[in-house]
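Residue numbers (our numbering), protein chains in the order written: chain A, 2 to 180; chain B, 350 to 665.
Glycine is no exception: its CB is placed at the ideal position from the N, C-alpha and C atoms.
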Amino acid sequence: MARFAMVIDTKKCVGCMDCVVACKTENRVPEGFNRDWITTEARGKFPSVQMEIRSERCNHCDNPPCVHCCPTGASHVHTLGGVVLVHHELCIGCKACLASCPYDARFIHPEGYADKCTFCIHRVEKGMDPACVAVCPTHCMYFGDLEDPHSPVSRLLTARRYHAIAPEAGTDPQIFYLI
Amino acid sequence: MNELTTTRHNELIDPFVHVWGWEIPVYLFLGGLVAGMMIIAGYFFIKGRDEGHKCICYQIPLLAMVLLSLGMFALFLDLEHKAYVWRVYTTFEIKSPMSWGSWILLLVYPALLVNFLLHVPAWIGDRLPFLNHGSRMIRSIKNIKRHVGKVNLVLGIMLGTYTGILLSALGARPLWNSAILGILFLVSGLSTASALVHMIAREREESEMLARADNLFLTIELFIIALFFIGLLSSTEVQIRSAMLLLTGPYAAVFWVFVILMGIVVPLFIQNLSVSHRIKHTPVAPVMVILGGFILRFVLVQAGQYSHYLNAHFIK
């Protein structure tokens, strides 16, 4: 069983938003909506300030609240890699999953169903990287299988220090940020 | 200083979650109200206090069906993918309170219908004579009133509790991270239902009893609200910040004035005077209780959506 995850090196990310544009193009994300986005976190007081730039998206959590709360089973965990997906034709648009996500990663597609990052599963199933990872000009993003100890994601998480976003929410997020 | 900047601006999500507007609080309020009415009707049947056809337990089911249908219509209006609504009845998702609620609602309607058929009012029976036939069939069942009472009681408790659990199961919203919301909404439903039924009761004895019951429910509600805050305030930072939204933050004025003062404390005071016959019964106190229960749902739904794990630091 694979467990797909993403590792993003915040030391290399410049916040160029190529990942955002690639996602919108690849997945035809409607105007005004984003499946991925850039967050900039600044801490401290000038001149001693610290900044972290992150490319963020659905965390494809191991304990996904959006899947648990779904009344129709539209939100589900894919058999390959634990990717969290939505069956559009099962979704009633009740928005419980939007409210249950600590990362606010979901939105309502103009056609009425809940939409979000899919880890570009249609590309991954063909052996390709997700679009955002494939286009990153600084090569700060890595996609792979955490069950495989030799995958780049596993090796980076062994070698480097990292953090996830709001792990205290108990969702077991699968996007890791190298620091 | 800690500053978060994002390039995302998704509708309903940014700058803070506001996926649910007026529809969900209206549904939660009407669901709680109907749950309370079912429990009250169930109590009268189980206690055998349904002598004569003036008993309030015969008037409740029709009104409850109308109110619940209005609530479910509000719920339907909130759905974004309306044509697919039937999908909730093609599965049962054990971890989803919404799925539980959908199936509970499917049981509530027949239960209310059977309760209604125990005594069909003449103005309906004259126009729709087949209801009188149904009524005769239902009444011929042995011990039917007791059975109806028990079913009302169980389904009422399930319906009232689920409306709160629906919110508390959404882990990302710290204000809702308390299972006591289920009990709070159940008791609030009982107090608003007592207030409504008190106003429409024809028997003076029943009306008095419901006013006394309402005072008890309002007092319990105050204690449960206190427990709700004790739970949040003794939890982690995000829960503490979310409690502050209601206690001192942007929702504090509405919460203290309309929910606690005008919705519970003042009507409790007025009803205490009226049940001890120092002042006359008027609709003032019950109407305040009903509005207070309505605003409680509103303020909890809105403040709950505002509460957050990531921007908790920025809520003062």
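- Task: Could you tell me which of G113/A, Y104/A, E112/A, C71/A sits nearest to W449/B, measuring between CA atoms?
- Result: C71/A
- Query: What does G520/B touch in chain A if you count any residue whose Cβ is under 8 angstroms from its own?
  - Reply: P66, S101, P103, A170, G171, T172
- Below-7 angstroms beta-carbon distance, N492/B vs any chain A residue: no
- Close Cβ partners of P174/A (< 7 angstroms) along its chain, the five nearest in sequence each way excluded: N60, C62, A165, I166, P168
- Task: Would you list the one or two residues that DSSP bridges to Q51/A?
- Result: R44/A
- Task: Return the CA-CA distance between Y143/A and V84/A, expressed in angstroms with no decimal places.
- Result: 16 angstroms
- Task: Mind checking which residues open and close the alpha helix (DSSP H) that includes V633/B?
- Result: 633-655
- Smallest Cα separation from F577/B: which of L412/B, V497/B, W525/B? W525/B
- Query: What do you reckon, are the CB atoms on P459/B and S656/B nearer than 7 angstroms?
  - Reply: no
- Message: Using 8 angstroms for Cβ pairs, my map puts Y114/A next to V136/A. What's the rounded Cβ distance?
- Response: The pair is not a contact, with the Cβ atoms about 26 angstroms apart (cut-off 8 angstroms).
- Task: Scan the region 543-613 of chain B and note each continuous alpha helix (DSSP H) run of 4 residues or more that stays entirely inside, going in chain order.
- Result: 553-582, 586-596
- Query: Which residue from M350/B, L377/B, G420/B, A592/B puts its Cα closest to that of K46/A?
  - Reply: M350/B
- Measure the alpha-carbon distance for W605/B versus C95/A and round it to whole angstroms. 30 angstroms
- Closer than 7 angstroms to chain A by CB, E442/B: yes
- What's the C-alpha gap between C20/A and I39/A? 9 angstroms
- Query: Ordered along the chain, which non-local residues of its own chain (more than five positions away) have a Cβ less than 6 angstroms from that of D130/A?
  - Reply: F144
- According to DSSP, which residues form a beta bridge with G145/A? A6/A
- Message: Let me see if you follow: with CB-CB separation under 7 angstroms, is L353/B close to chain A or not?
- Response: yes
- Item | Chain-order list of residues whose beta-carbon lies under 6 angstroms from that of P616/B (same chain, five-residue window excluded) | A634, M637, V638
- Query: Does L86/A get closer than 7 angstroms to chain B when you measure Cβ to Cβ?
  - Reply: no
- Message: Pairs of beta-carbons, one from the region 502-519 of chain B and one from the region 353-367 of chain B, closer than 8 angstroms: are there three or more?
- Response: no
- Can you tell me whether D105/A is buried or exposed, with buried defined as 16 or more other CB within 10 angstroms of its CB? buried
- Between H110/A and the rest of its own chain, which residues show a CB-CB distance below 6 angstroms, the 5 nearest in sequence each way excluded? D116
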